[in-house]
Amino acid sequence: MPKNYEHVRKPEWLKIKLNTNQSYMKLKKLMRNKKLNTVCEEARCPNIHECWSERKTATFMILGDTCTRGCRFCAVKTGLPNELDWGEPERVAESVEIMELKHVVVTSVARDDLKDGGAAVFAETVNAIRRRMPGCSVEILPSDMKGDHESLSTLLSGEPDIFNHNIETVRRLTKKVRAIAMYDRSLELLRRVKEMRPGTPTKSSIMVGLGETKEELIEAMDDLRANNVDIVTLGQYLQPTKKHLNVERYYHPDEFEELKRIALEKGFTHCEAGPLVRSSYHADEQVNKTTNQRKMEYVKGYEENSGQQLSNTNF
Numbered sequence: 001m002p003k004n005y006e007h008v009r010k011p012e013w014l015k016i017k018l019n020t021n022q023s024y025m026k027l028k029k030l031m032r033n034k035k036l037n038t039v040c041e042e043a044r045c046p047n048i049h050e051c052w053s054e055r056k057t058a059t060f061m062i063l064g065d066t067c068t069r070g071c072r073f074c075a076v077k078t079g080l081p082n083e084l085d086w087g088e089p090e091r092v093a094e095s096v097e098i099m100e101l102k103h104v105v106v107t108s109v110a111r112d113d114l115k116d117g118g119a120a121v122f123a124e125t126v127n128a129i130r131r132r133m134p135g136c137s138v139e140i141l142p143s144d145m146k147g148d149h150e151s152l153s154t155l156l157s158g159e160p161d162i163f164n165h166n167i168e169t170v171r172r173l174t175k176k177v178r179a180i181a182m183y184d185r186s187l188e189l190l191r192r193v194k195e196m197r198p199g200t201p202t203k204s205s206i207m208v209g210l211g212e213t214k215e216e217l218i219e220a221m222d223d224l225r226a227n228n229v230d231i232v233t234l235g236q237y238l239q240p241t242k243k244h245l246n247v248e249r250y251y252h253p254d255e256f257e258e259l260k261r262i263a264l265e266k267g268f269t270h271c272e273a274g275p276l277v278r279s280s281y282h283a284d285e286q287v288n289k290t291t292n293q294r295k296m297e298y299v300k301g302y303e304e305n306s307g308q309q310l311s312n313t314n315f
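The opening residue of the sequence shown carries number 1 in full-length UniProt numbering; numbering runs sequentially from there.
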């Protein structure tokens with residue numbers, strides 16, 4: 001921390017009451033028993049209790065708990081990752097079934113040590129969830145896979161209902177905030193998804209409070225729309241530890257309302273904006289008619305091919 005840095009005090013609207021009720025504790029125990037990681041816990045998300053207990057959504061973090069990158073905003077640990085666990089997709093799917101989730105986000109640590117960045121495990125996780133819970137919509141939130149086109153094709157083979165990849169911050173601050181990732185490479189990834197699967201909604205997220213200007217945020221929105229991104233989320237950056245980037249300022253809820261208005265005026269189909277909003281916040285509200293059509297076609301095709309009737313198809 002620079003000697004001349006003046007600590008910015010957290011405002012009242014960022015203080016929340018944790019709801020560690022029986023339902024939440026039960027789900028947390030399930031995660032440990034299944035040896036699963038969730039970004040809800042690893043990234044210290046402030047909305048974990050609402051999502052797990054009330055909204056029936058969760059964000060699973062696959063490919064281990066150790067990231068090969070060291071982004072200066074992220075609380076996930078970095079280092080040398082473990083071997084791939086090919087039993088993980090089925091354990092995630094089983095947990096989704098037990099939790100009776102209606103929307104799942106599958107994200108991961110960055111695995112730059114793998115040729116495909118972990119894309120094959122992503123696809124298998126989506127397929128495993130489909131087999132157990134065809135009524136559950138699935139969103140994937142991968143790294144940029146270093147821009148590898150073959151890895152992207154593998155990612156999309158699971159036909160996710162939403163493809164999410166975060167630019168995290170404005171162009172000027174990208175090098176300071178993100179490790180290895182590039183602003184234009186992230187935009188290219190999102191554009192290519194739309195080219196390969198035009199019916200799949202694409203999504204990205206921006207943190208505020210890192211020193212960006214309003215004009216830069218608007219420019220970032222324009223960049224996302226220029227690459228046909230459908231959904232955007234905007235939330236306040238919160239410093240996880242003293243080793244991470246400082247918060248330059250806290251945005252007032254009224255400022256988030258203004259940013260949401262601007263985003264919708266620019267043509268985003270959905271925007272979540274607020275002090276506690278994270279990339280997966282209220283993700284279940286962002287699926288569209290294409291998603292429901294996909295679910296019905298999947299169920300019909302599976303039942304015709306297997307001769308078995310699927311349960312858990314409420315949608």
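Backbone N, C-alpha and C fix where the C-beta goes; we use that ideal spot for every residue, glycine too.
Reduced DSSP secondary structure (H/G/I, E/B, other) of residue i
| i | result |
| --- | --- |
| Thr125 | helix |
| Ile147 | Residue 147 is actually Gly in this sequence, not Ile. In the structure shown, Gly147 sits in a helix (DSSP, three-state: H, G or I). |
| Ser157 | coil |
| Ile262 | helix |
| Thr57 | strand |
| Met182 | coil |
| Lys203 | strand |
| Asn305 | helix |
| Ala273 | strand |
| Val208 | strand |
| Thr241 | coil |
| Val106 | strand |
| Asn4 | Model confidence at Asn4 stands at a pLDDT of 48, short of 50, so the residue's coordinates are unreliable; what they give is reported in the following sentence. Coil, per DSSP. |
| Phe268 | coil |
| Glu257 | helix |
| Asn33 | helix |
| Val170 | coil |
| Leu234 | strand |
| Val138 | strand |
Residue environment, residue i, which counts as buried when at least 16 other CB atoms sit within 10 Å
| i | result |
| --- | --- |
| Thr59 | buried |
| Arg178 | buried |
| Gly209 | buried |
| Gly274 | buried |
| Leu306 | A quick correction: the sequence has Ser, not Leu, at residue 306. Burial call: exposed. |
| Asn33 | exposed |
| Leu152 | buried |
| Glu14 | Before going further, note that residue 14 is Leu rather than Glu in the sequence given. Label assigned to Leu14: exposed. |
| Glu272 | buried |
| Gly135 | buried |
| Thr57 | buried |
| His149 | exposed |
| Thr241 | exposed |
| Val104 | buried |
| Asp85 | exposed |
Chain-order list of residues whose beta-carbon lies under 6 angstroms from that of residue i (same chain, five-residue window excluded)
| i | result |
| --- | --- |
| Arg132 | Ala93 and Glu97 |
| Pro89 | Glu124, Thr125 and Ala128 |
| residue 330 | The chain is shown only over 1 to 315; residue 330 falls outside these bounds and no answer can be derived. |
| Gly70 | Thr78 and Ala179 |
| Leu245 | Arg72 and Phe73 |
Nearest-angstrom Cβ-Cβ length linking residue i and residue j, presumed shorter than 8 angstroms
| i | j | result |
| --- | --- | --- |
| Ala110 | Ser143 | 4 angstroms |
| Ile167 | Ile206 | 6 angstroms |
| Val170 | Leu238 | Incorrect: roughly 18 angstroms between the Cβ atoms, too far for contact. |
| Ser204 | Val247 | Not a contact, Cβ separation roughly 21 angstroms. |
| Ile180 | Phe163 | So it is not a contact: roughly 20 angstroms between Cβ atoms. |
| Val76 | Val106 | Actually they are not in contact, since the Cβ atoms of Val76 and Val106 sit about 15 angstroms apart, beyond 8 angstroms. |
| Met61 | Ser95 | That belief does not hold up - the Cβ atoms of Met61 and Ser95 are roughly 12 angstroms apart, past 8 angstroms. |
| Asp222 | Thr269 | Their Cβ separation, rounded to whole angstroms, is 16 angstroms, which puts Asp222 and Thr269 out of contact at 8 angstroms. |
| Arg185 | Asn227 | Not really, about 12 angstroms apart at Cβ, beyond 8 angstroms. |
| Lys10 | Tyr250 | 7 angstroms |
| Gly211 | Leu173 | 6 angstroms |
| Lys214 | Thr202 | With 8 angstroms as the limit, Lys214 and Thr202 do not qualify as a contact, their Cβ atoms being about 24 angstroms apart. |
Beta-carbon contacts of residue i that lie in its chain and below 8 angstroms, excluding the five residues immediately before and after
| i | result |
| --- | --- |
| Ala120 | Thr154 |
| Arg225 | Lys266, Gly267 and Phe268 |
| Ile262 | Ile218 and Met221 |
Residues near residue i in its chain [Cβ-Cβ closer than 7 angstroms; skip 5 each side]
| i | result |
| --- | --- |
| Lys146 | Asp112 and Gly117 |
| Gly64 | Pro81, Asn82 and Val109 |
| Pro253 | Trp13, Gly274 and Pro275 |
| Arg197 | Leu156 |
Neighbour flag for residue i against chain B, beta carbons, 8 angstroms
| i | result |
| --- | --- |
| Asn82 | This model lacks chain B altogether, as it is built from one protein chain only. |
Sequence ranges, alpha helix (DSSP H) only - wholly within the segment 59 to 92, length at least 4: The segment 59 to 92 is shown to contain no whole alpha helix (DSSP H) run of 4 or more residues.
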